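Structure first, commentary second.
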Amino acid sequence: MSSAQQTADPGLYLPRSARIEAVADLTAREKFFRLTLDRPLGHQPGQFVMVTVPGMGECAISITCGPREDNILEMVIRKAGNLTGVIHGLKAGDTLGVRGPFGRGFDLAEFHGRDVLVVAGGLGLVPLRSLLTPMIADHGRFGRITLITGARTPAETLFREELARWREKDNVEVIEMVDSTAHLPWDGRVGLVTTPIGALGLDAARTTVVLCGPPVMYKFVLLELDRHYHVPAERIFIDLERRMRCGVGKCGHCQINQAYCCQQGPVFRYSELRDFPEALA
Ligand SMILES: Cc1cc2nc3c(=O)[nH]c(=O)nc-3n(C[C@H](O)[C@H](O)[C@H](O)COP(=O)(O)OP(=O)(O)OC[C@H]3O[C@@H](n4cnc5c(N)ncnc54)[C@H](O)[C@@H]3O)c2cc1C
Ligand code: FES
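Its first residue numbered 112, the sequence shown is counted upward by one per residue in the working numbering.
Written out as structure tokens, the structure reads:
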């Protein structure tokens, strides 16, 4: 979204009211929210919104649904502190404020005809679901789509039923990893998200890679990609989270060197970040 558009749209500065239609527990710490807005959000995969609890404050939350023509917004919220704790106490029929969408997301057209490897660690699957949903719905337009998800234990995995449906599509492979089974039933694999990468047999020239997860994951996934495939840095996208306050390039909270994560990110090409080691630290 251009800064001219951001200036023109009051919905970016003033929260609009959104009604919670459904809330579901995904894990002990994460809840899924489906909200209805007054008009379609008009977002790109990978963008985020600022969610307001009137009188309390705002926090940045990724949009987890793919682009849609209706007025629906889907989010997954981890109970991390005061604000997210209050949001966790809300139920269907309650309202929240929403500003956005913000940031630079993914241009789906750039993925057409490409093989795509998506690596999502922990909550990283939440923003990347907004990219995967439209890709898998239209999978004939893409090459081979491989998703590797990672969670600490089976109790922390997200969207498993949806992942099982994706796995049934032609040319879609879903590999679910957990660090440890923690003595829980588990039919996926055990290990880190880096474990399956070497055996995927990627064609580096045809492949686009997308990463989102904890910062430590980036370092090791990038090393593993480099060891086996040499995917060009322009073809590796990294979805970064930084502390954000305004969302519109004014407060500086999200700054990494001269880059404002809320506007130039959260989705970056690795080629844009290579000179900023602190971005991936
Ligand atoms: C672009 C972006 C997208 C995000 N998407 C999601 C999402 O889809 N779902 C979700 O649950 N959370 C998401 N977050 C993180 C979310 O914004 C924070 O968890 C939230 O602001 C915490 O607010 P709080 O008042 O409840 O907790 P606070 O009291 O502010 O903080 C509680 C704890 O969370 C930590 N924390 C606060 N902000 C962040 C942050 N940005 N990153 C990591 N740790 C943080 C604090 O250090 C503290 O330990 C996103 C953040 C960004 C910047
Ligand atoms: S969040 Fe304020 S400048 Fe980016």
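No residue lacks a Cβ here, since even glycine has one placed at the ideal position from N, Cα and C.
Values in this document were obtained by computation on a predicted structure and should not be read as measured data.
Asked                                                                                                                                                     : Found
Let me check you understand the geometry: is the CB of Val-359 closer than 7 Å to at least one non-hydrogen atom of ligand 1?                             : no
Decide if the segment 176-191 is in contact with the segment 232-247; the criterion is three or more beta carbon pairs, one per stretch, under 8 Å apart. : yes
Can at least three beta-carbon pairs, one atom from the segment 337-344 and one from the segment 353-373, be found at a separation below 8 Å?             : no
Does the distance between the C-beta of His-364 and the nearest non-hydrogen atom of ligand 2 fall short of 7 Å?                                          : yes
If you compare alpha carbons, which of Gly-309, Thr-292, Leu-258 and Val-304 is closest to Val-285?                                                       : Leu-258
Ligand 1 heavy atoms versus the CB of Ser-241: any closer than 7 Å?                                                                                       : no
Any idea if Ser-114 is buried or exposed, counting beta-carbon neighbours within 10 angstroms, 16 or more meaning buried?                                 : Note on Ser-114: pLDDT 47, under 50, position unreliable in the model; the coordinate value appears next. So Ser-114 ends up on the exposed side.
If you draw a straight line from the alpha carbon of Gln-375 to that of His-294, how long is it in whole angstroms?                                       : 42 Å
According to the Cβ coordinates, are Pro-265 and Pro-296 closer than 8 Å?                                                                                 : yes
Measure the C-alpha to C-alpha separation of Gly-224 and Gly-200 and round it to an integer number of angstroms.                                          : 43 Å
I need the DSSP call for Lys-347, collapsed to helix, strand or coil.                                                                                     : First, the amino acid is wrong: residue 347 is Ile here, not Lys. The answer is strand: DSSP assigns Ile-347 an E or B state.
Classify Ser-114 as helix, strand or coil using the three-state DSSP reduction.                                                                           : The predicted model places Ser-114 with a pLDDT of 47, which falls under 50 and marks its position as unreliable; any figure quoted below should be read in that light. Three-state result, Ser-114: helix.
Taking just the CA atoms, how far does Asp-181 sit from Met-161?                                                                                          : 19 Å
Would you be able to state if there are at least three C-beta pairs under 8 Å between the segment 301-313 and the segment 270-283?                        : no
What are the boundary residues of the beta strand (DSSP E) that Leu-226 is part of?                                                                       : Here the sequence assigns Asp to residue 226, which means Leu is not the residue at that position. First-last of the beta strand (DSSP E) with Asp-226: 226-232.
If the criterion is Cβ atoms closer than 8 Å, does the pair Pro-156 and Arg-179 meet it?                                                                  : no
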